[in-house]
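Participant: Residue 27 is where the sequence shown starts when you use this note's numbering, and the numbers rise one by one after that.
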Amino acid sequence: LASRNAYRFSAAAAYYALVETRVGELREERIEGLQTIDEFMDRRMLPAMRTCQSTATRQDRLAERVARATTLLRTRVDLAMEAQNRDLLRSMDRRARLQLRLQETVEGLSVAAISYYLVGLVGYAAKGVAAAGLPVPVELVTGLSIPVVVLIVWSALQRVRRRLARDDDAAEK
27 LASRNAYRFS AAAAYYALVE TRVGELREER IEGLQTIDEF MDRRMLPAMR
77 TCQSTATRQD RLAERVARAT TLLRTRVDLA MEAQNRDLLR SMDRRARLQL
127 RLQETVEGLS VAAISYYLVG LVGYAAKGVA AAGLPVPVEL VTGLSIPVVV
177 LIVWSALQRV RRRLARDDDA AEK
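(1) Can you tell me whether DSSP reads residue 158 as helix, strand or coil?
(2) Suppose contacts are defined by Cβ-Cβ distances below 8 Å. Is residue 145 in contact with residue 180 by that definition?
(3) With distances taken Cα to Cα, identify the nearest neighbour of residue 187 among 30, 36, 126.
(4) Just confirm the distance between the C-beta atoms of residue 31 and residue 85, as a whole number of angstroms; I'd bet it's less than 8 Å.
(5) Under DSSP, the alpha helix (DSSP H) around residue 59 begins and ends at which residues?
(6) Taking Cβ positions only, does residue 67 come closer than 8 Å to chain D?
(7) Could you please give the first and the last residue of the uninterrupted alpha helix (DSSP H) stretch that includes residue 52?
(8) Below 8 Å, how does it come out for the region 141-155 and the region 165-180: are there three or more Cβ pairs, yes or no?
(9) What distance in whole Å lies between the Cβ atoms of residue 54 and residue 64, which are believed to be in contact at a cut-off of 8 Å?
(10) In the DSSP assignment, find the unbroken alpha helix (DSSP H) run with residue 173 in it and report its ends.
(11) If you count every other CB in all the chains shown that lies within 10 Å of the CB of residue 152, and 16 or more means buried, which is it?
(12) Apply the 10 Å Cβ neighbour rule to residue 132 and answer buried if 16 or more other Cβ atoms are within range, or exposed otherwise.
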């Protein structure tokens with residue numbers, strides 16, 4: 027709307043300037059009791075031109091206010107989106123921490139389960155050696171194998187974890 031009106035207002039201003047120039051070129055002389063063409067045209071065209079000018083000014087101001095309101099609205103939307111993104115990232119971070127704790131718990135249970143299984147195998151092996159006639163205290167061998175087996179399983183799990191972390195770091199680079 028403003029651009030269409032600006033075109034029309036510019037055309038009206040150009041037309042007014044042309045009329046002013048042409049009337050000025052007439053070099054009319056004043057006749058007592060009669061209006062000159064210049065006065066007649068000024069009385070008719072000058073108010074119309076002022077109206078065009080004030081309307082154009084009002085439209086420009088309105089367009090500026092709309093632009094400012096649009097900018098403020100866009101800023102509010104951007105801030106709301108940033109807050110949403112921040113909350114989403116916090117939620118994802120919390121879930122990642124919970125998932126890490128769960129993973130560590132499962133790893134701890136895995137150490138216990140694997141150690142239990144291996145200690146059972148050591149006990150069966152000790153019983154087999156005792157059944158073969160060698161004097162092996164089965165309960166003592168089984169009991170002493172517990173810390174050794176747990177340490178071996180735990181260190182093996184740590185090595186696997188470090189290797190996976192190193193592979194992840196290499197893949198990210």
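Beta carbons are placed, not taken as given, at the ideal position from N, Cα and C, and that holds for glycine. Only a predicted model underlies this, so the values are computations on that prediction, with no experimental measurement involved.
Facilitator: Let me spell this out:
(1) On the sequence shown, residue 158 is found 132 positions in, with the first residue counted as 1. Residue state, collapsed to three classes: coil.
(2) The residue labelled residue 145 in the question sits at position 119 within the sequence shown. The residue labelled residue 180 in the question sits at position 154 within the sequence shown. No, these two residues do not count as a Cβ contact at 8 Å.
(3) For the purposes of this step, residue 187 is taken as the residue at position 161 of the sequence shown. The residue with the shortest Cα to Cα distance from residue 187 is 126.
(4) Here residue 31 is taken as the residue at index 5 of the sequence shown, counted from 1. Here residue 85 is taken as the residue at index 59 of the sequence shown, counted from 1. Yes, they are in contact, since the Cβ atoms of residue 31 and residue 85 sit about 6 Å apart, within 8 Å.
(5) Here residue 59 corresponds to residue number 33 of the sequence shown, with the count starting at 1. It is not in any alpha helix (DSSP H) - residue 59 carries neither H nor E in the DSSP assignment.
(6) Among the chains in the structure shown there is no chain D, since it carries only a single protein chain.
(7) In the sequence shown, residue 52 corresponds to position 26, counting from 1. Looking at the DSSP string, residue 52 is not in any alpha helix (DSSP H), and its letter there is neither H nor E.
(8) With a cut-off of 8 Å, the region 165-180 and the region 141-155 count as touching, because enough Cβ pairs lie within range.
(9) Position 38 of the sequence shown holds residue 64. Position 28 of the sequence shown holds residue 54. The Cβ separation is near 7 Å, so the contact holds.
(10) Within the sequence shown, the letter at position 147 stands for residue 173. Residue 173 -> alpha helix (DSSP H) spans 164-198.
(11) Position 126 of the sequence shown, counting from 1, holds the residue named residue 152. Answer is buried; the Cβ neighbour count reaches 16.
(12) The residue labelled residue 132 in the question sits at position 106 within the sequence shown. By the 10 Å Cβ count, residue 132 comes out exposed.
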